[in-house]
Amino acid sequence: MPIAYADDAAIRDLYARAVQTFDRGDISWVDYWADEPEFFFPPDPATGFPGMTLNSREALTGMVQQAYGMMEGRGLHHFTNLTIDEIDEGARVRGYLLLVKSGTGPDNPSQVMQNTRIEDIVILTEAGWKFRRRSVGSIWG
Numbered sequence: 050m051p052i053a054y055a056d057d058a059a060i061r062d063l064y065a066r067a068v069q070t071f072d073r074g075d076i077s078w079v080d081y082w083a084d085e086p087e088f089f090f091p092p093d094p095a096t097g098f099p100g101m102t103l104n105s106r107e108a109l110t111g112m113v114q115q116a117y118g119m120m121e122g123r124g125l126h127h128f129t130n131l132t133i134d135e136i137d138e139g140a141r142v143r144g145y146l147l148l149v150k151s152g153t154g155p156d157n158p159s160q161v162m163q164n165t166r167i168e169d170i171v172i173l174t175e176a177g178w179k180f181r182r183r184s185v186g187s188i189w190g
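Offset between the sequence shown (1-based) and this note's numbering: plus 49.
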């Protein structure tokens, strides 16, 4: 069931603010997460990636720092086609995530680094809406 308009707007604002914070390499990105976060990357047989779950604020902080370094400070995350539905826990958000590494000029154009589906659970806390769980999956699988 779709969520109330005010909550929908607040959740979309959460996504915009969180992704801009992440892309700046700002570790305060973890403040957009609930106290017991879960971030799940499934195995990828095509690349041999075994999968991984991050389930602490410390692990999420490490991910921000590592990703910022790997992308040389030029990573830009784009969430699109978000659907937000009310559930007992809060809200389920589904959509697409496109990660682009910005180019530096004609000889180094921008590159699509990742194209995935996301499914998140966000919860309403005293401090507002926060991410509780994220599952990232292949567009094709």
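Cβ coordinates follow ideal geometry from the N, Cα and C atoms, glycine included.
Pairwise C-alpha distance: residue j and residue i
{"i": "residue 148", "j": "residue 104", "result": "22 Å"}
{"i": "residue 96", "j": "residue 165", "result": "14 Å"}
{"i": "residue 87", "j": "residue 155", "result": "39 Å"}
{"i": "residue 50", "j": "residue 169", "result": "15 Å"}
{"i": "residue 175", "j": "residue 83", "result": "11 Å"}
{"i": "residue 85", "j": "residue 112", "result": "16 Å"}
{"i": "residue 133", "j": "residue 52", "result": "6 Å"}
{"i": "residue 120", "j": "residue 94", "result": "23 Å"}
Expected contact under 8 Å - CB spacing of residue i and residue j to nearest Å
{"i": "residue 122", "j": "residue 116", "result": "Rounded, the Cβ-Cβ distance is 10 Å, inconsistent with contact."}
{"i": "residue 60", "j": "residue 142", "result": "7 Å"}
{"i": "residue 110", "j": "residue 89", "result": "Rounded, the Cβ-Cβ distance is 17 Å, inconsistent with contact."}
Buried/exposed call for residue i, threshold 16 Cβ in 10 Å
{"i": "residue 183", "result": "buried"}
{"i": "residue 140", "result": "buried"}
{"i": "residue 54", "result": "exposed"}
Residues near residue i by beta carbon distance below 7 Å, same chain, minus five either side
{"i": "residue 92", "result": "98, 99 and 100"}
{"i": "residue 77", "result": "70"}
{"i": "residue 72", "result": "124, 125 and 126"}
Own chain residues within Cβ distance below 6 Å of residue i, not counting five before or after
{"i": "residue 63", "result": "178"}
{"i": "residue 68", "result": "126"}
{"i": "residue 152", "result": "158 and 159"}
{"i": "residue 163", "result": "148"}
Cβ-based neighbour list, residue i, same chain, cut-off 8 Å, excluding 5 preceding and 5 following
{"i": "residue 130", "result": "144 and 145"}
| message | Please give the ranges of any beta strand (DSSP E) in the region 108-154, keeping only runs that are unbroken, at least 3 residues long and fully inside the region. | response | 124-136 and 139-150
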